Structures are given as structure tokens and as C-alpha cells.
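Q: Numbering (the UniProt record's numbering), first residue to last: 1 to 175.
Have a look at the structure that comes next, please.
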């Protein structure tokens with residue numbers, strides 16, 4: 001605050017005008033920052049939270065095609081995975097697990113399955129030195145293709161397993 005003895009009474013309107021301009025510019029800046037933050041989060045790449053759609057026949061059909069073209073060579077055309085998938089091979093890597101009800105895929109929420117597929121285990125687990133034969137699909141498959149493939153996988157599970165995975169999703173969304 002300016003001490004009353006130092007106020008130039010002739011320039012008082014000018015000082016108030018400058019303060020008003022600073023206030024208006026500040027408000028505009030805050031609004032721009034808020035809109036920028038909203039735009040950034042609204043247009044961020046990749047789904048931040050989504051649900052697989054195993055009952056959407058078009059999605060499942062597309063997902064089967066994506067899976068057979070990109071995943072079946074390791075995980076099997078019937079989701080059976082590779083033998084001894086829980087034991088590290090000679091290269092120290094785990095073989096491809098099954099994605100059917102005998103595997104562990106359904107133990108994970110949709111968001112994690114998407115992230116593991118798109119970014120790989122090393123990035124998701126924040127373990128940069130983790131070795132995996134699983135390719136990273138970021139830049140190779142679109143988010144829609146990843147979602148479709150995962151939806152097809154889920155569509156192949158028995159109703160009981162799908163219900164259990166739905167419960168996993170609910171718990172994950174609460175946290």
C-alpha cells in the first residue's frame with residue numbers, strides 16, 4: 001500500500017486505471033490457464049479410464065482380427081499361451097501367458113491391461129531394465145485397436161470369469 005504522503009493526487013485516476021488493467025489481465029491469464037488445462041486433459045492421448053466392450057459385436061469382430069494379426073503368434077489363436085508360462089526361459093524372460101480363464105489377464109483392471117499392451121511391462125511397472133518378449137504396441141496399434149483386441153479377449157471368457165474381472169474393475173475405480 002502506498003503511504004498517503006507519497007500519493008500524487010493529480011495522477012490518482014491513472015494509478016487506479018493501471019491497477020484495473022493489471023486485475024483484468026490477471027483474470028484473463030487465469031482463465032486462459034484454466035482453459036488450457038481443461039483442453040490438455042480433454043485431448044490427452046489414450047484413454048485414461050475406459051471399459052472393455054465384450055458385448056459389442058462390431059468391437060469384438062474387429063478385436064479378433066487385431067488379436068489374430070498381432071497377438072496370436074505368441075498367446076495362441078485360442079488364447080492358450082505358451083507352455084510353462086510361469087517359468088523364465090533360457091533368456092530369462094517369461095513365455096507368453098494364456099489370456100483365457102486359466103491365465104491371469106482377468107485378474108487385472110481394464111486400464112492396466114490397456115497400459116500393459118500399449119506401453120509394455122517395463123514402463124508400466126517403472127522398471128526400465130525389465131526384459132520381456134512382449135512388444136510395445138504404442139505407435140504400432142491405435143488405442144481403438146488395443147481396446148478392440150482386449151474386448152475380444154474378454155468376450156471369450158466364461159460369464160463367471162467376466163463377472164470377476166468386472167469386480168476387479170469396480171475395485172480399481174474406487175481407488
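Note that beta-carbon positions come from the ideal geometry of N, C-alpha and C, so glycine has one too.
Quantities reported herein were computed from a predicted structural model and do not represent experimental measurements.
1. Can you tell me which of the three DSSP states residue 80 falls into?
2. Taking a contact to mean a Cβ-Cβ separation below 8 angstroms, would you say residue 82 touches residue 69 in this structure?
3. Report the residue from 89, 114, 86 whose alpha carbon sits nearest the alpha carbon of residue 154.
4. Can you give the Cα-Cα distance for residue 131 and residue 125, rounded to whole angstroms?
5. Would you mind sorting residue 59 into buried or exposed? The rule is 16 or more other CB atoms within 10 Å of its CB.
6. Mind listing, in chain order, the continuous alpha helix (DSSP H) runs of no fewer than 4 residues lying wholly within the region 73-158?
7. Taking only the alpha-carbon atoms, compute the straight-line gap between residue 174 and residue 156 and give it to the nearest angstrom.
8. Three or more C-beta pairs closer than 8 angstroms, one from the region 138-155 and one from the region 83-92: is that the case here?
9. For my contact list, residue 110 and residue 52 are in at a C-beta cut-off of 8 angstroms; report their separation, rounded to the angstrom.
10. To which residues of the same chain is residue 165 closer than 6 angstroms at the C-beta, ignoring the five residues directly before and after it?
11. Would you mind reading off the limits of the alpha helix (DSSP H) that contains residue 68?
A: For this structure:
1. coil
2. no
3. 114
4. 12 angstroms
5. buried
6. 110-119, 121-124, 143-155
7. 26 angstroms
8. no
9. 5 angstroms
10. 106
11. 57-70
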